[in-house]
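Numbering (this note's numbering), first residue to last: 3 to 212.
One structure is given here, and the rest of the page talks about it.
Structure (structure tokens):
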């Protein structure tokens, strides 16, 4: 029996939304585009019980990333659930999966937050993605070392993807405007990976959590 079948996520865990892979970023004004940073998928929850950092499969990694947990605890809210990537950047400011996986830099891992699922007891999953991102940007507008808002770019998806590849980044995630947040695979999220980036040769980056 695999570790996934043996593991039972906690009751407060919400399965993340997962993108569909494509070779090219979609075109048209209906899409917004985010830089995809090479890291571990992380669901950061805060409430009256404290801060918990859950992996894509619901493992509690709060103790592993103290800087990130502290930053979530400083946000000006009573409660929240934030979706993002746990990232370690190299000297160029580019996410480096090798540094993250080595465990030698756990005390400086930062959450690149790209979606807000709950805030102050309100479930935002039915709200349009652009509204969720706007609230998230307001929430994380004060810079903390352990968290930053991962913004988005408008315009031609292919140009955004080409620019990301030119910079050596992992790729681009394109998200359909007006879409709600749905757990599991969603055609409203399209990931285009840089074929020259090492992560582009991993079938599913988030499975590297264990």
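Every residue gets a Cβ at the ideal spot worked out from N, C-alpha and C, and that includes glycine.
As the structure is a computational prediction, the values presented were derived from the model and not from experiment.
Sufficient close CB pairs (3 or more, under 8 Å) joining the stretch 170-185 to the stretch 37-45: Contact holds: three or more Cβ-Cβ distances are below 8 Å.
Starting from residue 20, trace the beta strand (DSSP E) in both directions and tell me its first and last residue. From DSSP, the beta strand (DSSP E) with residue 20 extends over 19-23.
Whole beta strand (DSSP E) elements within the stretch 84-147, 3-residue minimum: The DSSP assignment places complete beta strand (DSSP E) segments of no fewer than 3 residues inside the stretch 84-147 at 112-121, in order along the chain.
Taking the beta carbon of residue 29 as the centre, do at least 16 other beta carbons fall within 10 Å, making it buried, or is it exposed? So residue 29 ends up on the exposed side.
Enumerate, from N- to C-terminal direction, the unbroken beta strand (DSSP E) stretches of 3 or more residues contained entirely within the stretch 40-67. Complete beta strand (DSSP E) runs here, min 3: 42-49, 52-57.
Assigned secondary structure, residue 174 (DSSP; H/G/I helix, E/B strand, else coil): Strand at residue 174.
Could you round the C-beta distance between residue 67 and residue 88 to whole angstroms and report it? I think they count as a contact, below 8 Å. Sure, about 6 Å apart at Cβ, within 8 Å.
Rounded C-alpha distance that separates residue 136 from residue 117: Approximately 9 Å between the Cα atoms of the pair.
For my contact list, residue 131 and residue 22 are in at a C-beta cut-off of 8 Å; report their separation, rounded to the angstrom. Cβ atoms of residue 131 and residue 22 stay farther apart than 8 Å, at about 15 Å.
So, using beta-carbon positions, are residue 183 and residue 82 closer together than 7 Å? In this structure, residue 82 does not lie closer than 7 Å to residue 183 by Cβ.
When DSSP labels each residue in this structure, what does residue 159 get in the three-state scheme? Residue 159 falls in the helix class under three-state DSSP.
Where does residue 186 sit, in a helix, a strand or coil, going by DSSP? If DSSP states are grouped into helix, strand and coil, residue 186 belongs with the strands.
Write down the C-beta distance between residue 58 and residue 48 rounded to the nearest angstrom, noting that I regard them as a contact closer than 8 Å. Contact doesn't hold; Cβ gap of about 19 Å is too wide.
C-beta contact flag for residue 112 and residue 75 at 7 Å: When the beta-carbon positions are compared, residue 112 and residue 75 stay at least 7 Å from each other.
May I have the straight-line CA-CA distance separating residue 205 from residue 17, to the nearest angstrom? Legend: pLDDT at residue 205 = 46, less than 50; position of this residue unreliable, value from coordinates given subsequently. The alpha-carbon atoms of residue 205 and residue 17 are separated by roughly 19 Å.
My output table needs one value for residue 37: the three-state DSSP class, helix, strand or coil. Looking at residue 37 - three-state DSSP - the assignment turns out to be strand.
With a Cβ-Cβ cutoff of 7 Å, do residue 146 and residue 46 count as a contact? Contact flag unset, no.
From the DSSP output, in three-state form, read off residue 13 for me. In the three-state scheme derived from DSSP, where H, G and I count as helix and E and B as strand, residue 13 is classed as coil.
Indicate the three-state DSSP secondary structure (helix, strand or coil) for residue 71 in the structure shown. Under the three-state reduction of DSSP output, residue 71 falls in the helix class.
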